[in-house]
Amino acid sequence: MTTIEIDDEPSELPKEPLQSVDPYLDMFLHRLVEMGSNASVSVTLFIGGSVLTGDLISYDTWQDHLVDSLATAAPGLAAGMREGIDAAKEEAEQGRQVGDEQEESDGALGPPRRFVHLKDAVLINGGSTVAVPLWRGRMECVDGWMLGRFQNF
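Here my numbering is used: position 146 in the sequence shown is 146, and no number is missing along the way.
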């Protein structure tokens, strides 16, 4: 009979650097962050048999639009969320400044993005379309993409 020993503490997984799922899409996302809150690029994403077409926006812009949408539906929730987002943005900005200094020295784009954010999107699945004012999805779920909006629906 074989004896199996089980540690009380889980072993630490090695911390490997996050790999980009799609370096080209990642580059667009990075540049959008640099361009500021009014920047957007029209894209079409192919996700598990569905088509999603809209304007690619930065995470910060997505957060702002999310809070604006909540302000109409639940003003109390939006106010609390705005405070939390502002605090998180300050913390992230400090991290970005450190990252920008490192980027300037080594020429890298910074860490890969994990999520894609769209506004004014349309989801096309089979014969139906659904307007999606604000969308956030994992980059690893994007099967393919192209610049520009898909128009024939």
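C-beta atoms are modelled at their ideal positions from N, C-alpha and C, and glycine is treated no differently.
This structure is a prediction, so every number in the text was calculated from the model and none was measured.
- DSSP places Ala-121 in no alpha helix (DSSP H) but in the uninterrupted beta strand (DSSP E) bounded by 115–125.
- Within the DSSP secondary-structure output, Asp-68 pairs in no beta bridge.
- Spanning the alpha carbons of Gly-84 and Tyr-24 requires a straight line of approximately 31 angstroms.
- Counting only residues of its own chain and dropping the five nearest sequence neighbours on each side, Val-132 has a CB closer than 6 angstroms to the CB of Ala-121 and Leu-123.
- DSSP lists Val-43 as the bridge partner or partners of Gly-54.
- For the pair of segments examined, the stretch 134–146 was found to touch the stretch 43–55: the number of CB pairs separated by less than 8 angstroms reaches three.
- A distance of 8 angstroms or more separates the beta carbons of Ile-47 and His-117.
- Taking C-beta atoms as the reference points, Phe-150 and Thr-61 fail to come closer than 8 angstroms.
- In this structure, the alpha-carbon of Asp-55 lies about 5 angstroms from that of Lys-119.
- Per the DSSP secondary-structure output, Arg-136 pairs in a beta bridge with His-117.
- The DSSP-derived three-state label of Ala-79 is helix.
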